[in-house]
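Report on one structure; see the data block that follows.
Residue numbers (the numbering used here), protein chains in the order written: chain Y, 1 to 120; chain L, 121 to 732.
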């Protein structure tokens with residue numbers, strides 16, 4: 001399992017590019033993976049759930065999420081400077097945080113996991 | 121023969137000695153989902169994973185798994201942008217594919233992305249689907265006509281049911297941690313309703329059938345993090361297929377609602393059948409007629425599923441290998457109570473899967489016929505052993521009597537009088553990490569029971585003068601009375617080291633109304649006293665009248681070290697696990713321990729003298 005997590009971390013970093021547009025309080029996700037062939041890349045809800053579970057974003061945080069499945073580009077737009085700063089800090093480390101959380105949980109360390117505020 | 125394996129050996133290394141043929145170290149796989157239509161029009165969701173080879177004419181044997189827990193998962197983002205499956209499924213499928221096996225995973229009817237509905241598990245329709253799936257697989261262009269099936273828990277039982285069809289394409293089955301007698305192994309062990317498990321299992325099944333991953337959040341966090349639901353079968357013409365399938369699951373019924381008032385083995389299910397019909401022992405003749413080789417494996421500590429391996433070994437004449445270890449349900453976590461600090465599980469998933477592949481290959485290779493053999497792990501001695509007979513040679517019972525001053529002694533009582541009063545403590549509990557909760561995947565942790573024993577009534581031996589191996593089912597015989605008209609006795613066998621640490625070995629419990637030792641031929645051969653659990657054999661419990669109660673504890677294999685003591689701890693309830701009997705009142709039990717009405721435990725030991 002450890003080997004798989006290591007591969008996953010590298011794949012996330014390589015295949016999902018993150019770019020920041022500080023002026024417009026916007027984060028861009030560009031899914032470059034060739035293995036993903038579904039017509040719809042994600043729903044805005046899918047993206048928000050990812051931010052809540054792996055980034056610790058509050059469910060109440062107002063964001064505009066635009067998904068373009070043709071270009072495989074996702075725009076996440078914050079409403080103001082403060083919320084953008086929070087979003088940016090989440091996105092700067094999100095793939096490391098994602099895999100770290102998986103590895104922790106797999107080792108039975110649930111401290112961070114138990115703080116996740118999301119219910120299916 | 122009884123034989124100890126070498127220090128470095130275990131059944132997995134012994135059964136998988138030869139290197140396996142591998143197609144390639146690294147290659148692509150072909151994965152696709154489709155619906156397979158059954159005889160009554162119900163569509164089952166199927167995921168196929170094949171080795172992708174340059175030579176497209178090569179045909180593969182197939183590993184089939186039928187599940188009610190989702191055949192494959194739709195991953196959350198970002199994972200589904202990168203991979204098709206959960207890492208666990210990837211490990212399994214990659215390994216099988218790399219050794220030249222196709223894999224086919226199926227959502228059974230009424231579950232996952234499949235259509236249909238179900239009244240209870242393993243209905244006639246669901247079992248018949250298995251036969252149709254075997255026929256569908258061998259008709260596929262990539263199939264070489266041979267199918268194997270393995271799985272744990274529900275998937276294991278589904279694999280065992282495949283053998284009832286006598287379908288020539290089924291070549292071998294590997295049955296992990298699964299039931300044999302649905303009444304005693306799951307629903308009502310000792311005739312007491314397994315309240316918590318049945319309720320949790322029903323709730324989690326209901327959530328899954330409605331495509332809600334919530335049940336994994338608490339039980340399997342790593343699954344919950346990665347997935348959002350069952351993997352759909354994509355149809356360009358109908359994007360709502362998954363929802364249409366899920367809508368049909370609304371008609372499902374769940375075992376808790378159907379069985380929460382279960383008292384007797386012959387109580388009826390909604391279709392008029394008894395619980396026995398969904399027990400694989402009931403289909404013994406068909407399973408034997410198939411002659412399908414069986415590898416059956418479990419743990420001493422997993423619910424009643426350790427005894428299942430022994431029961432199959434005693435009752436089925438199929439070529440068979442049994443394995444009994446010291447891990448939790450599904451062998452995901454170590455659970456040897458004498459080494460609670462252990463974190464790593466032996467065998468690894470890789471070892472398990474390779475052992476299963478070896479078993480499949482031996483089952484179709486006449487040069488290495490499968491001989492009946494049972495491998496078992498003796499805790500504290502920390503050694504694997506094997507035997508071709510059960511109980512193992514040297515097995516004999518050593519009788520220990522309940523005595524005054526809470527002592528357990530090896531001489532019968534001489535006095536006419538002698539009894540102890542125990543006021544049932546309905547707060548007594550083994551907690552949420554016991555042999556029953558592990559059915560939901562939890563680690564088994566009984567811990568140091570010294571404090572818990574304060575709520576129980578105990579009998580403790582003098583320190584042992586030499587090491588003694590206990591292997592088999594201890595049998596308890598008690599003369600007791602109660603102040604009420606119903607009740608249950610719980611018996612724990614424990615080890616106490618010189619420092620006073622109390623370690624759980626095994627246990628069982630028994631509802632008084634079922635105490636009649638039946639004179640009818642047993643439903644199957646067993647190592648413990650036979651009670652029918654049928655309504656006609658129920659005996660009235662008359663307050664304050666002495667009853668003789670004799671029943672088996674779950675099998676185990678352990679060494680009691682020189683200087684350690686053994687303890688019998690007695691309770692009247694296990695609060696967080698079983699239904700309460702009687703439902704009201706505060707019963708007081710009288711445990712008799714005199715020459716007229718003795719109480720004792722027969723402990724199965726392996727006599728070194730007899731072995732030599």
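In this text, a Cβ means the ideal position worked out from N, Cα and C, and glycines have one as well.
Practice task
Sort out for me which residues DSSP pairs residue 629 of chain L with in a bridge.
Solution key: Looking up residue 629 of chain L in the second chain gives position 509. For residue 629 of chain L, which the question treats as bridged, DSSP gives the partners L:610.
Practice task
Please classify residue 732 of chain L: is it buried, with 16 or more other beta-carbons within 10 angstroms of its beta-carbon, or exposed?
Solution key: The residue labelled residue 732 of chain L in the question sits at position 612 within the second chain. With a pLDDT of 47 at residue 732 of chain L, under the threshold of 50, the modelled position of that residue is not reliable, and the figure given next carries that caveat. Burial call: exposed.
Practice task
Look at residue 197 of chain L and residue 91 of chain Y and say whether their C-beta atoms are less than 8 Å apart.
Solution key: Position 77 of the second chain, counted from the start, is the residue given in the question as residue 197 of chain L. Position 91 of the first chain, counted from the start, is the residue given in the question as residue 91 of chain Y. In this structure, residue 91 of chain Y does not lie closer than 8 Å to residue 197 of chain L by Cβ.
Practice task
Indicate whether residue 324 of chain L and residue 335 of chain L have their beta-carbon atoms separated by less than 8 Å.
Solution key: As a working mapping, residue 324 of chain L is identified with position 204 in the second chain. As a working mapping, residue 335 of chain L is identified with position 215 in the second chain. Cβ atoms of residue 324 of chain L and residue 335 of chain L: closer than 8 Å.
Handout entry: Contacting positions in the region 611-631 of chain L - beta carbon closer than 9 Å to chain Y
Key = Residues passing the 9 Å Cβ filter: none.
Exercise for the section: Just confirm the distance between the C-beta atoms of residue 503 of chain L and residue 124 of chain L, as a whole number of angstroms; I'd bet it's less than 8 Å. Expected result: Here residue 503 of chain L corresponds to residue number 383 of the second chain, with the count starting at 1. Here residue 124 of chain L corresponds to residue number 4 of the second chain, with the count starting at 1. 5 Å between Cβ atoms; contact.
Exercise for the section: Report yes or no: is there a C-beta of chain L within less than 8 Å of the C-beta of residue 33 of chain Y? Expected result: Residue 33 of chain Y sits at position 33 when you count from the first residue of the first chain. Yes - at least one Cβ of chain L is within 8 Å of the one on residue 33 of chain Y.
Problem - Boundaries (first-last residue) of the alpha helix (DSSP H) holding residue 277 of chain L - result: Within the second chain, numbered from 1, the residue matching residue 277 of chain L stands at position 157. Residue 277 of chain L -> alpha helix (DSSP H) spans 274-282.
Handout entry: Three-state secondary structure assigned by DSSP to residue 108 of chain Y
Key = Here residue 108 of chain Y refers to the residue found at position 108 of the first chain. It is coil, neither helix nor strand.
Exercise for the section: Let me know the secondary structure DSSP gives residue 344 of chain L once reduced to three states. Expected result: In the second chain, residue 344 of chain L corresponds to position 224, counting from 1. Residue 344 of chain L: helix per DSSP, three-state reduction.
Problem - For residue 290 of chain L and residue 139 of chain L, the rounded distance between their alpha carbons - result: Here residue 139 of chain L corresponds to residue number 19 of the second chain, with the count starting at 1. Here residue 290 of chain L corresponds to residue number 170 of the second chain, with the count starting at 1. So the alpha carbons of these two residues sit roughly 24 Å apart.
Practice task
Quick one: measure Cβ to Cβ for residue 661 of chain L and residue 607 of chain L, integer angstroms, because I've assumed they're closer than 8 Å.
Solution key: Taking the first residue of the second chain as position 1, residue 661 of chain L is located at position 541. Taking the first residue of the second chain as position 1, residue 607 of chain L is located at position 487. Right, their Cβ atoms sit about 7 Å apart.
Problem - CB contact below 8 Å: residue 42 of chain Y versus chain L - result: Stepping through the first chain from its first residue, residue 42 of chain Y is reached at position 42. Cβ-Cβ to chain L under 8 Å: yes for residue 42 of chain Y.
Handout entry: Segment contact, 8 Å Cβ cut-off, at least three pairs: the region 13-33 of chain Y with the region 73-86 of chain Y
Key = With a cut-off of 8 Å, the region 73-86 of chain Y and the region 13-33 of chain Y count as touching, because enough Cβ pairs lie within range.
Problem - Helix, strand or coil at residue 353 of chain L [DSSP, three-state] - result: Counting from one through the second chain, the residue named residue 353 of chain L turns up at place 233. Of the three classes helix, strand and coil, the one that applies to residue 353 of chain L here is coil, per DSSP.
Practice task
Could you tell me whether the Cβ atoms of residue 73 of chain L and residue 303 of chain L are closer together than 8 Å?
Solution key: The displayed coordinates of chain L run from 121 to 732. Any statement about residue 73 of chain L would go beyond what the structure contains.
Exercise for the section: Starting from residue 758 of chain L, follow the beta strand (DSSP E) in both directions and report where the run begins and ends. Expected result: Chain L is shown only over 121 to 732; residue 758 of chain L falls outside these bounds and no answer can be derived.
Exercise for the section: Could you name the residues of the same chain whose beta carbon sits closer than 8 Å to that of residue 521 of chain L, not counting the 5 residues immediately before and after it, in chain order? Expected result: Numbered from its first residue, the second chain carries residue 521 of chain L at position 401. Within the same chain, and ignoring the five residues on either side of residue 521 of chain L in sequence, the residues whose Cβ sits closer than 8 Å to its Cβ are 528, 529, 530, 531, 532, 533, 713, 718, 719 and 720.
Practice task
Determine contact between the region 104-113 of chain Y and the region 181-190 of chain L, defined as no fewer than three beta-carbon pairs at a distance below 8 Å.
Solution key: no
Handout entry: Proximity of residue 251 of chain L and residue 181 of chain L at Cβ, strictly below 8 Å
Key = Numbered from its first residue, the second chain carries residue 251 of chain L at position 131. Numbered from its first residue, the second chain carries residue 181 of chain L at position 61. No, the pair does not count as a contact, with Cβ atoms beyond the cut-off.
Practice task
Answer yes or no: the CB of residue 432 of chain L versus the heavy atoms of the ligand GTP, is any distance below 7 Å?
Solution key: As presented, the structure is devoid of all ligands, the ligand GTP included, so that no description of it is given.
Practice task
Check the Cβ-Cβ distances between residue 8 of chain Y and every residue of chain L, and say whether any is below 8 Å.
Solution key: For the purposes of this step, residue 8 of chain Y is taken as the residue at position 8 of the first chain. Yes, contact with chain L.
Exercise for the section: Give the DSSP-derived three-state secondary structure of residue 185 of chain L in the structure shown. Expected result: Counting from one through the second chain, the residue named residue 185 of chain L turns up at place 65. Strand, per DSSP.
Practice task
Locate the beta strand (DSSP E) running through residue 416 of chain L, then write down its first and last residues.
Solution key: Start at 1 with the first residue of the second chain, and residue 416 of chain L comes out as number 296. 414-419 is the span of the beta strand (DSSP E), which, as asked, contains residue 416 of chain L.
Practice task
Take every Cβ of the region 338-356 of chain L, pair it with every Cβ of the region 372-389 of chain L, and state whether three or more of those distances are shorter than 8 Å.
Solution key: Counting Cβ pairs under 8 Å, fewer than three are found: no touch.
Problem - C-alpha distance - residue 543 of chain L paired with residue 227 of chain L, whole-angstrom precision - result: Here residue 543 of chain L refers to the residue found at position 423 of the second chain. Here residue 227 of chain L refers to the residue found at position 107 of the second chain. Approximately 49 Å, taken between the alpha carbons.
Exercise for the section: Look at the alpha carbon of residue 671 of chain L and the alpha carbon of residue 11 of chain Y, and state the distance between them as a whole number of angstroms. Expected result: Along the second chain, read from residue 1 onward, the residue named residue 671 of chain L stands at position 551. Along the first chain, read from residue 1 onward, the residue named residue 11 of chain Y stands at position 11. Distance between the alpha carbons of residue 671 of chain L and residue 11 of chain Y: 57 Å.
Handout entry: Whole-Å CB distance - residue 613 of chain L paired with residue 726 of chain L, under 8 Å assumed
Key = Residue 613 of chain L sits at position 493 when you count from the first residue of the second chain. Residue 726 of chain L sits at position 606 when you count from the first residue of the second chain. About 16 Å; that fails the 8 Å criterion.
Practice task
Can you tell me which of L:637, L:706, L:262 and L:419 puts its alpha carbon nearest to the alpha carbon of residue 779 of chain L?
Solution key: Residue numbering for chain L in the displayed model covers 121 to 732; residue 779 of chain L lies beyond these limits and cannot be assessed.
Problem - Where residue 580 of chain L falls: helix, strand or coil (DSSP) - result: Residue numbering aside, residue 580 of chain L sits at position 460 when the second chain is read from its first letter. DSSP places residue 580 of chain L in the strand class (E or B) of the three-state scheme.
Handout entry: CB contact below 8 Å: residue 91 of chain Y versus chain C
Key = Structure shown: chain C not included; protein chains present are Y and L.
Exercise for the section: Enumerate, from N- to C-terminal direction, the unbroken alpha helix (DSSP H) stretches of 4 or more residues contained entirely within the region 365-398 of chain L. Expected result: 375-379
Exercise for the section: Jot down the residue ranges of each uninterrupted beta strand (DSSP E) in the region 434-500 of chain L, minimum 3 residues, whole runs only, in chain order. Expected result: Taking only runs of at least 3 residues, the beta strand (DSSP E) segments lying wholly in the region 434-500 of chain L are 440-445 and 493-498.
Exercise for the section: In the DSSP assignment, find the beta strand (DSSP E) that holds residue 210 of chain L and state where it starts and stops. Expected result: As a position in the second chain, residue 210 of chain L is number 90, starting the count at 1. Residue 210 of chain L -> not in any beta strand (DSSP E); alpha helix (DSSP H) instead, spanning 207-218.
Exercise for the section: Output yes if chain Y places a C-beta closer than 8 Å to the C-beta of residue 732 of chain L; else output no. Expected result: On the second chain, residue 732 of chain L is found 612 positions in, with the first residue counted as 1. For residue 732 of chain L, the predicted structure reports a pLDDT of 47, less than 50, and the residue's modelled location is therefore unreliable. A value from the coordinates is still provided. Residue 732 of chain L does not count as touching chain Y.
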